[in-house]
Amino acid sequence: MWAPLSTRSQSTVVTTKKNKVALRNKGFIATGLLILAGLAAAGALLLGVALSMIFPKLPSLDSLTDYRPKVPLRVVTSDGVLVAEFGEERRRPVSISQVPLIMQQAILAAEDDRFYQHGGIDFMGVARAMVTNLVTGGRAQGASTITMQVARNFFLTREKTWTRKLYEVLLSYKIESKLTKDQILELYINQIYLGQRAYGFQAAAQVYYGKRLQDINAAEAAMLAGLPKAPSAYNPIVNPKRARVRQEYVLRRMHDLNYLNDVQYKQAVDYQLVLRNRKNGDDPDAPSDVANADYAAEMARQAAVEIFGEDAYTSGVTVTTTLISDEQRAARRALRNTVMDYELRQYFRGPEGFMELPADPAQAEDVIADGIGDYPDYGFLESAVILSADAKEVVLSQGHGETIKLSGASLKPAESWLNERAPANKRLKRGAVVRLLKRKDQPIMLTQLPEVEAAFVSVNPHDGAIRALVGGFEFSRNKFNHVTQSTRQPGSSFKPFVYSASLEKGVMMTTIVNDAPIFVPADVPGGQDWSPKNYDGKYDGPMQLKDGLAKSKNMVSIRVLQKITPQYAQKWAMNFGFPESAVPPYLTMALGAVTTNPLQLANAYAVFANGGYRINPYLIEKITDGSGRVVARAKPAVAGEEANRAIDERNAFVMNRLLRGVVERGTATRARALNRNDIVGKTGTTNDSHDAWFAGFNKDIVGIAWVGYDQPRNLGARETGGGLALPMWIDYMKVALTHSPETPLVVPPGVEQINGDYYFSEFTPGNGGIARIDAAGGETGGEGGDVPGLFNFLKGLGNVFSGDGAPAKPIGNTGGDGTVIPAPEPARPKNQQSQQQPKDEIERLFGNR
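In my numbering, the protein residues as written are 1033 to 1881.
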């Protein structure tokens, strides 16, 4: 029988067993560690092998070290101001030295605040992102560095796979080994997509703010820096609320990183962003580095593509135009003001559209914010949605969270649609989309989109350089260029060319012409008699020629044309650039029954302005390729070269004096507001007031203004060239004349001054000059010889073409200032596209014949 073990012996046994277990466990751990070490080593070996195989296959960094982005076609003014860019990508590459510090800090705060500390991969950032994502329970924060984004944007797709991520990491290390931090940041600043087709922060600053990058402030920089994360979601134009949230986050980060102190941070948070799409495009305070010239830009684009083909859009081609930026802005502003002043006098046609608005104000605001983008703003003509309306007050929203209240005179244009008797489908009520006219220093007006069109062009009469060109109210609505592509009747603005022809035949400034009714009987059975009228229906009897032109007396013009014959006047008009087919040799020529467009009319008036020389208007000064090499340059005809002479300088001088009378005491006295003695011009209003014109100039500037409907119709019983087109011309000239000091005309040899009037030396009173034309009145004919009957000159009007090239119909009744012209030209589609210019037209853009 065994004796029991002592307590100590039992303890020894237990300890021994524990030791054995511990040893066994240590063995397992050691074995596990050895296995893990082996696996790690094998993994490292495999990773090393993989990296040794992958790394050499990584793409070359040549595209980074020799960075050549797709630079769009750029069109600029003669003074270097941007007109337009064409291309899939809007880019404006900049060096890191041109990027303001506040912009760099905003980018680092938003994307990679340890950029200058890590080697391409920010492991602290990765850890921080993992913790944040675990806490939030989702993928709330990423850890891509700026270097990784450069690698992705230049070489990789955006697919979310481990392979792509591995390549991204390896490329990041490779980039960091080859480039400096500043070089990497510069690539990022120029390459990253920021919405609105803008690539890079310089382009984005222009797109969103209309500013150069170096001119932005902290608030604007924070908004731009927030875009790379999600350009569509944080686009301040499309999603202003979400963009604001993102901007505030970036500003907080900048404050936390001590990029902004407390005062700067508060100022940035409180700053109200002014986006370019909401800027008053016609306000003098609008961006100074953009000239709104869409119609001219389209002409320049066609010329560039003709030379470079599709490469024009990506190779950095620059087209330098002859436009002068401040004059271009003035012309566009003048045209839009003229059109909207006219529109405010028209019948309100009803809302532009309707939105179904929820009763809840916040939800209604969201609906407006989402839908108002379908009604784009046009400069100072902005879209808005009515929240409530009655006869006394209208409350509106533009989707920004604020309301606008209008009452009194601001509602006058649409007051008839605010009462209960208005048709239900047109009544101004909750949800109606309308327009707000916001002009500087003027009350906001409730109005509508205009239907009328307008055009303006100005040229330098010395060489034909186009100083300003506006082809219509809004290019995005109607791309038809009314300056170059329209075919309209100039009305009384053509009369000076008839008077110019008469000077060569001995007619003088003081020749007496009878302002009395004219009757032309029909010379065939069933024909119609013709009895043209003066605009005001009044006849002043015998008057001097200079007064007949100043007052635009139709009877005087007709009798002068009778005297010199329409055939002679037709040939004379060709000296000014009018095609023979556009000037039918009939009496209606005296009243402007010819066809032309604003640019051609500017070309013709330039002959008077420059002393008698024929020039060719041109738009393009030069074209350079991406390397800055000039590949095309203008070669314009120049005034002063006798080879370009069109008329005698004496004729041009006397016509200047005659046209000065139009301003001093005639139909253009409004122009006296310019307080210049060197301003001359002529008004024009066509049949039934379908077209309103003013053509005016001094020795340095010729400007042509036109207003009319694409589908010709009456502009209004009281709408004339002097009341409608002339104000546009005046507003432009207020700016343009700052470049043109007043210089009195010099009397040329062969011209004599007698009692304040000017005469050719061979045609003076009592010495060769014609003293009277049909002064006693009576039937037509007299000294003018044979006068074609109504049938004959109606038949000849088959050569007068209407807007689409179809022959014009017979003469209609007189209207406007009494001009008798062919029937209205056929209607044009409202959004007719810009026509492709043939090669000879492209040549003319450079001033080549």
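Even for Gly, the Cβ is constructed at its ideal location relative to N, Cα and C. No experiment lies behind these values; they were computed from the predicted model shown.
### Message
I'd like to check one pair, valine 1545 with aspartate 1789: are the Cβ atoms closer than 9 Å?
### Response
no
### Query
Which residues in the same chain as leucine 1443 place their Cβ atom closer than 7 Å to its Cβ, once the five residues preceding and following it in sequence are excluded?
Val1426, Leu1450 and Leu1478, listed in sequence order.
### Query
Where does threonine 1701 sit, in a helix, a strand or coil, going by DSSP?
helix
### Query
Bridge partners of tryptophan 1562, per DSSP?
Val1552
### Task
Quick one: using the 10 Å Cβ neighbour count with 16 as the cut-off for buried, is aspartate 1720 buried or exposed?
buried
### Task
With DSSP as the reference, please indicate the residues paired to isoleucine 1802 in a beta bridge.
Val1539
#### Entry: Minimum C-alpha distance to arginine 1646 - residue among Glu1674, Gly1660 and Leu1619
Arginine 1646 has its Cα closest to that of Glu1674, out of Glu1674, Gly1660 and Leu1619.
### Query
Excluding five sequence neighbours on each side, which residues of the same chain lie with their C-beta closer than 7 Å to the C-beta of leucine 1376?
Pro1445, Met1477 and Thr1479
### Task
Please name the residue or residues paired with tyrosine 1790 in a DSSP beta bridge.
Gln1785
### Query
Are there 16 or more other CB atoms within 10 angstroms of the CB of valine 1615, so buried, or fewer, so exposed?
Around the C-beta of valine 1615, 16 or more other C-beta atoms lie within 10 Å, and the residue is accordingly described as buried.
### Beta-carbon contacts of isoleucine 1580 that lie in its chain and below 6 Å, excluding the five residues immediately before and after
Reading the sequence as shown, one finds glycine at residue 1580 and not isoleucine. So the qualifying residues of the chain are Val1545 and Val1588.
### Task
Tell me, to the nearest whole angstrom, how far the beta carbon of leucine 1691 is from that of alanine 1724; I am working on the premise that it is less than 8 Å.
Their Cβ separation, rounded to whole angstroms, is 18 Å, which puts leucine 1691 and alanine 1724 out of contact at 8 Å.
### Query
Using the C-alpha atoms, what's the distance from leucine 1307 back to isoleucine 1400?
18 Å
### Query
If you count every other CB in all the chains shown that lies within 10 Å of the CB of glutamate 1485, and 16 or more means buried, which is it?
buried
### Query
Which residues mark the beginning and the end of the alpha helix (DSSP H) in which serine 1589 is found?
1586 to 1596
### Task
Assign lysine 1578 to one of two classes, buried (16 or more other C-beta atoms within 10 Å of its C-beta) or exposed (fewer than that).
Buried, because 16 or more other Cβ atoms sit within 10 Å of the Cβ of lysine 1578.
### Endpoints, the beta strand (DSSP E) within which lysine 1273 is located
Premise fails: lysine 1273 lies in the alpha helix (DSSP H), 1272 to 1288, not in any beta strand (DSSP E).
### Query
Is it true that the CB of glutamine 1246 sits closer than 9 Å to the CB of alanine 1236?
Not in contact: alanine 1236 and glutamine 1246 (Cβ atoms no closer than 9 Å).
### Query
Around the C-beta of glycine 1304, are 16 or more other C-beta atoms found within 10 angstroms, so that it is buried, or is it exposed?
The question names glycine, yet the displayed sequence has glutamine at residue 1304. In this structure glutamine 1304 is exposed. Its beta-carbon is surrounded by fewer than 16 other beta-carbon atoms within 10 angstroms.
### Message
By the three-class DSSP mapping on this structure, what secondary structure does asparagine 1293 have?
### Response
coil
### Task
Measure from the alpha carbon of methionine 1255 to the alpha carbon of each residue in Asp1358, Ala1300, Ile1436 and Val1778, then state which is nearest.
In terms of CA proximity to methionine 1255, Ala1300 leads the group Asp1358, Ala1300, Ile1436 and Val1778.
### Query
First and last residue of the beta strand (DSSP E) that includes phenylalanine 1488?
1485 to 1491
### Contact under 9 Å by Cβ, leucine 1631 with valine 1502
no
### Query
Exposed or buried, which one is tyrosine 1148 when buried takes at least 16 other CB atoms within 10 Å?
So tyrosine 1148 counts as exposed.
### Query
Is the beta carbon of glutamate 1330 less than 9 Å from the beta carbon of alanine 1500?
no
### Query
Should threonine 1212 be labelled buried (16 or more other beta-carbon atoms within 10 Å of its own) or exposed?
For threonine 1212, the number of other beta carbons within 10 angstroms of its own is below 16, and it is reported as exposed.
### Query
glutamine 1395: buried (16+ other C-beta within 10 angstroms of its C-beta) or exposed?
exposed
### Query
Can you name, in chain order, every residue of its own chain whose Cβ lies under 6 Å from the Cβ of aspartate 1144, other than the five neighbours on each side?
Only Thr1177 and Ile1178 meet the Cβ criterion.
### Query
Considering only C-alpha positions, which residue in the set Asp1561, Phe1726, Gln1560 and Ser1584 is nearest to glycine 1569?
Ser1584
### Query
Any idea which residues DSSP pairs tyrosine 1650 with across the strands?
DSSP output for tyrosine 1650 lists Ala1497 as bridge partner(s).
### Message
Please identify the residue among Ala1554, Pro1549, Pro1553 and Gln1560 whose C-alpha is closest to the C-alpha of glycine 1573.
### Response
Pro1549
### Task
Tell me whether lysine 1472 is buried or exposed, calling it buried when 16 or more other Cβ atoms sit within 10 Å of its Cβ.
exposed
### Query
Which class does isoleucine 1339 belong to by DSSP, given the choice of helix, strand or coil?
helix
### Message
Quick check: what's the CA-CA separation for alanine 1757 versus lysine 1714?
### Response
Looking at the two C-alpha atoms, the distance is approximately 11 Å.
### Message
If you follow the alpha helix (DSSP H) that tryptophan 1449 is in, where does it begin and where does it stop?
### Response
It is not in any alpha helix (DSSP H) - tryptophan 1449 carries neither H nor E in the DSSP assignment.
### Query
DSSP three-state call for aspartate 1742: helix, strand or coil?
In the structure shown, aspartate 1742 falls within a coil segment according to DSSP collapsed to helix, strand and coil.
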